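According to full-length UniProt numbering, the sequence shown holds residues 1 to 58 in order. Glycine included, C-beta positions come from ideal geometry on N, C-alpha and C. None of these values were measured; they are calculated from a predicted model.
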Amino acid sequence: MSEFKPEKLTVTYLPPASIFNPVDNRKYTLTHSDTTGELFLSIGCHFDLEKINPSMRD
Numbered sequence: 001m002s003e004f005k006p007e008k009l010t011v012t013y014l015p016p017a018s019i020f021n022p023v024d025n026r027k028y029t030l031t032h033s034d035t036t037g038e039l040f041l042s043i044g045c046h047f048d049l050e051k052i053n054p055s056m057r058d
């Protein structure tokens, strides 16, 4: 397992969630880039389906 590098994590809040207005029952969507090793985390009241590509599933 590789080491977590916080600088490679990008967090996006899906409205109405924000760093000042958390959402009850929030959902997390975590995706990554095989090329760069970057991680992309979306937080909101629903999953970020636009970020999920079913054809890229392992």
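Anyone know if the C-beta pair for residue i and residue j falls short of 8 Å?
{"i": "Leu9", "j": "Ile43", "result": "no"}
{"i": "Ile52", "j": "Thr31", "result": "yes"}
What residue range is occupied by the uninterrupted beta strand (DSSP E) comprising residue i?
{"i": "Leu49", "result": "Taken as a continuous stretch (DSSP letters only), Leu49 belongs to no beta strand (DSSP E), as it is neither H nor E."}
{"i": "Lys8", "result": "No beta strand (DSSP E) contains Lys8, which DSSP labels as neither H nor E."}
{"i": "Ser42", "result": "39-44"}
{"i": "Leu30", "result": "27-32"}
To which residues of the same chain is residue i closer than 6 Å at the C-beta, ignoring the five residues directly before and after it?
{"i": "Thr12", "result": "Ser42"}
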